[in-house]
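My numbering numbers the first residue of the sequence shown as 5 and each following residue consecutively.
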Amino acid sequence: MKKNLFLLFLFFVLSACSGKNILDFKNPDVKDSYPQNNAMGVDNNAKVWVLFTEDMDKNLVEQSLSLSEEDSGSKVDFQNVWEGSKKIILTPDRPLKTSRKYRLYLKESAADGNGNKLSVPFILVFTVNSDNTLPAVSSLTVQNLTEGTGIVVPYITPANMNSMDWKPLITIQFSEAMDTNLAVAGLILQDMPAEYEWQNSDSTLLIHLTRKLEYGKKYTVMINPTVTDKAGNNLREQFTKEFYIGNDFTHPEVLSMILRDGANSPVEMVSNSAIAENISKTTPVQFTFSKLMDRASVQTSLSLSPDLNYTLSWSENGTQDVLTLTLFENNEFDFGKTYTITIGKDAKDREGNTFLEDFKKVFLIGTDYLSSKITAISVVNTSGSAQNILEGDVVKNIPLKPVITLVFSKPMQASSTQTAVSFTPSISSSLIYYSWSSDLKTLTVTVDEKLDYGELYQISVSSNAKDSTETVTLDKTYKGFFYIGDPTDFLALDTASPVVDLNGGTWPNAVSLTPSLKITFNKTISPESVVDKIEISPSITIKRESVEVSGNYILLHIPQDTPLSAGTTYQLKILKDISADNVLKTPMAEDEILYFTTGSSEEFKIMNLWLDVDNSGTKNSGDVVFINNGIKSFPDTFTSKVNVQTDGSSNKYLYLYIEFSGVINPDTVFNSISLTKESGSGSINPILQNHEFLPSIQNAVKVKVQLYKLDSPGFYYSVKISGLESGIKSSTGIALPENAVVVFGTQ
């Protein structure tokens, strides 16, 4: 007894000395909170706090606490601090959204310092204030620049071209005070790195560019609708502003180039595509430009070949610049020599716009009494346009029978000139026809032979060609190059789905034994080019009637009477002679060889067999079902009787549906189904008619048969569906494994 009293005393002593009251089993509760439950008009930046009746286990409270949007369930991130051990204060990371309802949820797992948990969860629901005005962009301005009216988009015109700030301050004015972090995150400045400054209570954003803008370049400022004001309202709509720096983007060009001939008459070169002849040895060269030019860039890009010493002088003619090239005193162009003058495409106008391409002209000093020249070689493409090939340009899309035109500087002798013409690869001279203009300066060469598609051809005119006086020859051998068709564009199989077995097989690993192969190309096919151009090996005879051409595909049918062997690998060879149905008869680049394997001998059986009693066309509970999903349900004795349908001639009938596990050979169906009257007296003999193949006769997996001229009531009939070798077979030649006989009665 004394020992027990001692233990009890020790227990109370330890309890008094402990930091916890081990005899406290009272559940904690929420004493107060902000906001109150169902509160309205809570500020967007409000802090949420909860006051407990007991000192709480802070970790358990924090683990049990969540804040989210009431409707969407979206979690709200927050930071929390404690005042003592009874009050926790939550500060959301972002302002709460206007007019949204929020839920504070504290689980029962929240416990006090003695481990006593809440008796029930604490739930606090409140609504944020009603400021729902959507912010908008009131204005966007660029310092020192003014908005103009552009053809494509508004552009910005420099107020002072020579002294403007090329890192202008961009100012965006919002209608509301903005969430600055979200606003900057949602701002997209194309090619404009910048630093940001907020003013006017965060309603004005100053953008300080850290890199100069480029003249003539388009820039974009975009603000996504994800940005919000301080009340959490999103921008009304996406804001986009595009602008150019500058207001003149027109490329300069040479309007005229004037030379002087031997009679000191002007010779305009811009409109003359040929070499200008009989130019004076002392001619100046005068250029008129479409705009006022950056003269230094023009002079740098100007060249004369062969080179001579010359001076350049400038003058203005309104908005146009005029440049005159004059040879040094006692300098002359050489008589009988050809000169080339070039202004490179790097030449600029005063706004920095360059030429689109080099400007180049050729002229001849005096008349060349030593030789003749070819001034142009052109070949007609498939669009009917003549393309120049004189200066080394290689053109393509030339038709199979090309027509080439040669233009000479002098009248030519026909015989020697025609002999001087040759082609590489060679073309038989008997297939080349020549036609001359009346002045013997233009020769048209027509090739009356289909050249090889994709081949690069060279036409050459040797220097042995004589002029009409037979005193001078060409100054050199001239060459031109052209492709027949496009060497990068050939007829080819469709890359996505080149071959499909329309009879249900899977290409290329499980093709049916009597497939209909759809071979698809990237272009429309010429039907006549397909004849005898498809081979299958091991040797399969492909009859012409087994091949169809439609648009960009070929249908190749393997007949039912000569099926492929099961489980066998075959080679399908498509000869490159097949061509597209276009002007160029675009061929294949090479023979296409594909391999495929037929499927193994699969099971072929009846999956569903039923009498369509309600004449609905589908199997349902009102019908008599003999086979359902491959499972037989033949009755031993047929006790039920079915109602029959009656046509306009008072003949009675029913429809029998037979659905198979694969595509059927329709030719094996007609003689493999029979209808017999088994009992009942009467003179009407039943017949089978109206065999219908579904979904089509080529891909039928179902047969609908009319059992016609039935007697009722009290008559019994049997239907036999023959299988085995003499019965119904699949499209791949597989026979039904057995006969099927079903019986029914009428009422």
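Backbone N, C-alpha and C define an ideal beta-carbon position, used for all residues, glycine too. Note that the structure is a prediction, hence the values are computed from the model and not measured.
Buried or exposed: residue i, going by 16 or more other Cβ atoms within 10 Å of its Cβ?
i, result
"residue 735", "buried"
"residue 659", "buried"
"residue 380", "buried"
"residue 85", "exposed"
"residue 484", "buried"
"residue 50", "buried"
"residue 192", "exposed"
"residue 360", "exposed"
"residue 190", "buried"
"residue 429", "exposed"
"residue 341", "exposed"
"residue 261", "buried"
State yes or no: is the C-beta of residue i within less than 8 Å of the C-beta of residue j?
i, j, result
"residue 713", "residue 655", "yes"
"residue 182", "residue 105", "no"
"residue 54", "residue 132", "no"
"residue 273", "residue 365", "yes"
"residue 394", "residue 416", "no"
"residue 486", "residue 461", "yes"
"residue 108", "residue 64", "no"
"residue 378", "residue 503", "no"
"residue 722", "residue 747", "yes"
"residue 602", "residue 621", "no"
"residue 312", "residue 334", "no"
"residue 488", "residue 438", "no"
"residue 719", "residue 666", "no"
"residue 343", "residue 309", "yes"
"residue 331", "residue 386", "no"
"residue 125", "residue 110", "yes"
"residue 41", "residue 129", "yes"
"residue 121", "residue 48", "no"
"residue 653", "residue 583", "no"
"residue 239", "residue 171", "no"
Suppose the cutoff is 8 Å on Cβ atoms and the five residues either side in sequence are ignored; what does the same chain contact list for residue i look like?
i, result
"residue 208", "175, 176, 177, 178 and 202"
"residue 324", "259, 292, 293, 294, 295 and 296"
"residue 354", "295, 296, 297 and 298"
"residue 81", "96, 97 and 98"
Between the alpha carbons of residue i and residue j, how many angstroms are there, rounded?
i, j, result
"residue 314", "residue 338", "14 Å"
"residue 277", "residue 356", "28 Å"
"residue 279", "residue 270", "15 Å"
"residue 706", "residue 576", "31 Å"
"residue 165", "residue 352", "Caution is warranted here: a pLDDT of 40 is assigned to residue 165, below 50, making its placement in the model unreliable, and the coordinate value is therefore given only provisionally. Taking the straight line joining both Cα atoms gives about 16 Å."
"residue 491", "residue 427", "18 Å"
"residue 289", "residue 454", "48 Å"
"residue 282", "residue 580", "55 Å"
"residue 194", "residue 99", "30 Å"
"residue 545", "residue 507", "19 Å"
"residue 221", "residue 210", "22 Å"
"residue 224", "residue 300", "33 Å"
"residue 152", "residue 227", "Residue confidence is low: residue 152 scores 43 on pLDDT, short of 50, so the model does not pin down where it sits. Its coordinate-derived value is still stated next. Their backbone Cα atoms lie some 22 Å apart in a straight line."
"residue 520", "residue 513", "15 Å"
"residue 479", "residue 414", "12 Å"
"residue 549", "residue 637", "44 Å"
"residue 554", "residue 535", "14 Å"
"residue 678", "residue 651", "22 Å"
To which residues of the same chain is residue i closer than 7 Å at the C-beta, ignoring the five residues directly before and after it?
i, result
"residue 676", "725, 726, 731 and 732"
"residue 436", "449 and 451"
"residue 645", "717, 749, 750 and 751"
"residue 741", "609 and 727"
"residue 517", "567, 568, 570, 602, 736 and 737"
"residue 474", "417"
Closer than 8 Å, CB to CB, is residue i near chain B or not?
i, result
"residue 177", "Included in the structure is just one protein chain, with no chain B present."
Take residue i and list the residues in its own chain whose beta-carbon comes closer than 6 Å to its own, dropping the five residues that flank it on each side.
i, result
"residue 187", "231"
"residue 384", "390 and 407"
"residue 398", "485"
"residue 252", "355"
My understanding is that residue i touches residue j, with C-beta atoms under 8 Å, so please give their C-beta distance in whole angstroms.
i, j, result
"residue 613", "residue 662", "5 Å"
"residue 382", "residue 421", "17 Å between Cβ atoms; not a contact."
"residue 180", "residue 139", "4 Å"
"residue 146", "residue 243", "At roughly 15 Å, the Cβ-Cβ gap does not stay under 8 Å, so residue 146 and residue 243 are not in contact."
"residue 347", "residue 305", "6 Å"
"residue 523", "residue 558", "4 Å"
Could you check if residue i belongs to the surroundings of the ligand MG, using beta carbon to heavy atom distance under 7 Å?
i, result
"residue 40", "Among the ligands in the structure shown, none appear at all, so the ligand MG cannot be discussed."
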